[in-house]
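Below is one structure, written out as structure tokens; the observations come after it.
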Amino acid sequence: MHKIIISLTTISSRLSHIHLVIESLLSQDFPPDAYEVRLHLSEQPYLLDEGCPMITNDLSRLQEENPEQFFVKFVENIGSYRKIIPVLDEVYKQSPTEFCNTLIVTADDDTAYPPWWLWQLYENYLKHRCVIGFRGRVMGFEKEKLISYKKWSRKITDNPSSFNVPTGKDGVLYSPLYLHPKVRDINEAQKSAPKADDLWLKAHTLLAGVPSFVINDTLNQEFPSVTGQEPEVSLYRTFNEFGGNDDALANIENYLKATRGTSFRELCIPSQMNTTHLCKEIANILGGVS
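Take any residue in the sequence shown, count from 1 to its spot, add 207: that is its number in my numbering.
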């Protein structure tokens, strides 16, 4: 069985309730020795986060009760990218065998995950061998140009598909092999999509030539929020509700054209996908070649 790392982050205003999310993640109907949960926090402020200089008593209790399965890690505050970049940086230091045997599942800090959640993600990964998300949208185009994010279809009709874009709230499973190595360029990520990590990650799964499978084929189905959360304190409502996702898409599109000579539309066409160069890049990194 693969080694699975469930990774998430939170901000200061949600720290007092994050233990409820962690408890749901630690209560999965999944072999306890086959997965671990990592919470990434930062002392310094960034965007909505005023910083978390220390952990709560509830988090300390969970660490004591689950010393081999739950870990709190203090990292540089790079916003929502904390739930993926630190883990990828660590995985890239592993042996090729360990690298290929690791799966990363991103989770949000405002969701109560049902006990069957991880099994469904993993079983669908074994079946489809691609990025697996519980919820998502379909990237939309008109005359080969991206349309506004708000107009993207919520109904998944082709599954798996390169056009499917998993959204992070209910969880997304990645193999490190499914993300182009340049996904770890945090400077470019924060420049292009500082508040839209899902879109940055999608671009780099496309660069890796990997489609996405969405378990729930409509956004009308979702897991409940954790009691006490404040939905208005969210990246989406604060930054993305008024077109922030469209700004990020335009920035990422420019990034793709400047660095790879391609676009979202071209990457979504299967015939355009060529992973040979990607495999060489990953092999060089794992082999210590710059």
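Virtual Cβ for every residue (Gly too), placed ideally from N, Cα, C.
These numbers were taken from a predicted model, which means no experiment stands behind them.
A distance below 6 Å between beta-carbons, with the five flanking residues on each side excluded, links N284 to the following residues of its chain, in chain order: S249, Q251, Y253. In the assembly as shown, R361 is an exposed residue. Its beta-carbon has fewer than 16 other beta-carbons within 10 Å.
A457 sits exposed, since fewer than 16 C-beta atoms from the chains shown fall within 10 Å of its C-beta. Straight through space, the alpha carbons of G378 and Y288 are spaced by roughly 14 Å.
The residues P322, in chain order, have a CB closer than 8 Å to that of S234 in the same chain once the five nearest residues on each side in sequence are set aside. Note on geometry: alpha-carbon atoms of I393 and E271 lie some 32 Å from one another.
By DSSP's assignment, L222 forms no beta bridge with any residue.
Residue environment analysis places N371 among the buried positions, since at least 16 neighbouring C-beta atoms fall within 10 angstroms of its C-beta. For S214, no alpha helix (DSSP H) run applies; the uninterrupted beta strand (DSSP E) run containing it begins and ends at 210-216, by DSSP. Going by C-alpha positions, L380 is about 16 Å away from G416.
DSSP places N331 within a helical segment (H, G or I) once states are collapsed to three.
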